[in-house]
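All remarks here apply to the structure that follows.
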Amino acid sequence: MLNQGRLKLSYAPDLHISYKQLISDSNVSIVFLSGFQANMQGAKATALYNYCKAHNFNLILFEYLGHGESDGQLIDCSISDWYKNSIDVIDQLTPPNSSHIIIGSSLGAWMMFLLAMSHPHRVSYLISLAGAPDITESLFKNLTTVQQDELLKYGYVTFLTSSEDSRSRVITRYMFEDGRKNLILNREFINIECPVTLIHGMNDTIVPYNVSLTLAEKIRSSYLTLRLIRSSDHSLSDDISLTVIFKAIEEAIEQQDL
């Protein structure tokens with residue numbers, strides 16, 4: 062069964078985010094946390110939706126504040142907002158105390174790791190796709206002096222993250238400042254105990270795969286796998302990458318005996 066609509070936020074009742082949910086009698090429940098400026102019509106979201114529908118799995122897709130058809134303007138939102146959006150989706154759309162396979166793509170993996178640390182009882186398995194925790198820090202360092210001055214003067218800057226990404230990105234001073242309140246890579250350990258799979262393309266020019274190597278070193282889970290795909294870039298939406306992602310889901314299901 063398909064359930065879709067707009068979810069009222071617990072911390073801002075006048076704001077809503079859009080979501081799409083596949084509901085079945087399966088024990089498998091997946092929540093997808095998308096990347097920055099992504100929506101439910103993206104390549105990975107669409108592929109995941111079709112995969113879960115074909116396998117009769119429960120699935121939740123949604124759009125953060127300032128994204129897609131959700132309320133809010135992107136320049137007014139930041140990491141803390143999208144983290145709280147993720148919590149609201151799970152708390153309001155799934156049974157109390159149920160746990161889920163969480164798939165986080167790029168910036169969505171940052172939200173996923175924060176969620177796993179604050180609500181460990183709500184996650185059973187994590188799959189990180191080109192994970193980009195703390196990406197606000199690397200973005201700031203990659204700005205030119207002129208762009209940094211523009212950011213400080215006007216409160217935002219528009220730029221391309223790399224030759225791989227043809228879309229203009231709008232980054233705000235608020236996003237950088239709020240990002241620093243949510244950093245995880247500066248910790249000695251990342252206190253996540255559930256099983257984790259990290260998937261990263263070695264041709265990723267937006268978030269280098271060494272970020273996943275660092276995550277593998279810091280995450281405390283005793284069940285952690287790292288998969289590097291030599292031919293893939295940041296999008297991880299090519300056929301090879303999607304096959305690896307679906308295989309990771311199958312292994313998560315087998316590992317939990319669902």
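62 is the number of the first residue of the sequence shown in the numbering used here; add one for each residue after it. For each residue, glycine too, the CB sits at the ideal point set by N, CA and C. All of these numbers come straight from a predicted model, not from anything done at the bench.
Beta strand (DSSP E) runs wholly inside the segment 97-140, at least 3 long, in chain order:
119-123
Tell me, which residues are paired with Leu287 by DSSP?
Leu259
Check whether the Cβ atoms of Ile162 and Ile310 lie closer than 8 Å to each other.
Yes, the pair counts as a contact, with Cβ atoms nearer than the cut-off.
First and last residue of the alpha helix (DSSP H) that includes Thr197?
Residue range Ile196 to Asn203 is occupied by the alpha helix (DSSP H) that includes Thr197.
Under 8 Å by Cβ, that's how I've got Ser273 and Leu259 pegged, so tell me the actual separation to the nearest angstrom.
4 Å
Lys214 - partner residues in DSSP beta bridges:
DSSP output for Lys214 lists no bridge partner at all.
Go through its chain and collect everything with a Cβ distance to Ile188's Cβ below 6 Å, but skip five positions before and after it.
Ile164, Thr258 and Ala309
Pairwise C-alpha distance: Phe201 and Val218:
10 Å
According to the neighbour-count rule (16 or more other Cβ atoms, all chains shown, within 10 Å of its Cβ), is Val207 buried or exposed?
In the assembly as shown, Val207 is an exposed residue. Its beta-carbon has fewer than 16 other beta-carbons within 10 Å.
Between the segment 188-199 and the segment 117-136, are three or more C-beta pairs nearer than 8 Å?
With contact defined as three or more Cβ pairs closer than 8 Å, the segment 188-199 and the segment 117-136 are not in contact.
Which class does Val268 belong to by DSSP, given the choice of helix, strand or coil?
coil
How should Lys105 be labelled, buried or exposed, when 16 other C-beta atoms within 10 angstroms of its C-beta is the threshold for buried?
By the neighbour-count rule (16 or more Cβ atoms within 10 Å), Lys105 is buried.
Which same chain residues, not among the five before or five after Leu289, have their C-beta less than 7 Å away from its C-beta?
His261, Met263 and Tyr270
Three-state secondary structure (DSSP) at Asn64?
Asn64 sits in a strand when the DSSP states are folded into three classes.
Around the Cβ of Met101, are there at least 16 other Cβ atoms within 10 angstroms (buried) or fewer (exposed)?
buried
Counted within 10 angstroms of its Cβ, other Cβ atoms place Asp294 as buried (16 or more) or exposed
buried
Between which two residues does the alpha helix (DSSP H) carrying Phe174 extend?
Leu168 to Ser179
Exposed or buried, which one is Ile114 when buried takes at least 16 other CB atoms within 10 Å?
As written in the sequence, residue 114 is Lys, which differs from the Ile given in the question. Burial call: exposed.
Where does Gly216 land, buried or exposed, given buried means 16+ other C-beta within 10 angstroms?
That one is exposed.
Could you tell me whether the segment 244-256 touches the segment 152-159, where touching means 3 or more Cβ pairs closer than 8 Å?
no
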